[in-house]
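In this note's numbering, the protein residues as written are -2 to 84.
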């Protein structure tokens, strides 16, 4: 039996759009996940989202971009998170 909306596909099967955008490297994805979890833990959801996605003058970039790009960037964002969470 097939789904009337999508002939040839079994009901309940999900289809995913293929994109030509390059995948994030595993180490970048790991750093992004780690910094996001830490920010949520220290700041709470709303403040963490704002912190990670807003240009930070002291860091010279968006914290999420900086932490994702390199281990040194992740360390500097972690240090800033420590400062922000103590204020």
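Glycine residues also receive a C-beta, built at the ideal position from the N, C-alpha and C atoms.
**Asked** Which whole-angstrom value is the C-beta distance of residue 64 and residue 32, which I expect to be below 8 Å?
**Response** Taking the first residue of the chain shown as 1, we reach residue 64 at position 67. Taking the first residue of the chain shown as 1, we reach residue 32 at position 35. About 4 Å separates the two Cβ atoms, so the contact holds.
**Asked** Among residues of its own chain, excluding the 5 on either side of residue -2, which ones have a beta-carbon nearer than 6 Å to its beta-carbon?
**Response** In the chain shown, counting from the first residue as 1, residue -2 sits at position 1. Bear in mind that a pLDDT of 48 at residue -2, under 50, signals an unreliable position, so the model cannot answer this.
**Asked** Sorted by chain position, which residues of the same chain lie with C-beta nearer than 6 Å to residue 49's C-beta, five sequence neighbours on each side aside?
**Response** Counted from its first residue, the chain shown places residue 49 at position 52. The residues are 36, 60 and 61.
**Asked** What whole-angstrom Cβ distance do residue 56 and residue 73 have, given they're in contact under 8 Å?
**Response** If you number the chain shown from 1, residue 56 lands on position 59. If you number the chain shown from 1, residue 73 lands on position 76. Confirmed, Cβ separation roughly 6 Å.
**Prompt:** Can you tell which of 40, 28 and 29 has its C-alpha closest to the C-alpha of residue 80?
**Reply:** By 1-based counting over the chain shown, the position of residue 80 is 83. It is 40 whose Cα lies nearest to the Cα of residue 80.
**Supposed close pair residue 71, residue 28 - CB separation, criterion 8 Å** = In the chain shown, the residue the question calls residue 71 occupies position 74. In the chain shown, the residue the question calls residue 28 occupies position 31. With 8 Å as the limit, residue 71 and residue 28 qualify as a contact, their Cβ atoms being about 5 Å apart.
**Message:** Tell me which residues share the same chain as residue 83 and place their Cβ nearer than 8 Å to its Cβ, disregarding the 5 neighbours each side in the sequence.
**Reply:** Translated into the one-based positions of the chain shown, residue 83 becomes position 86. There are no such residues.
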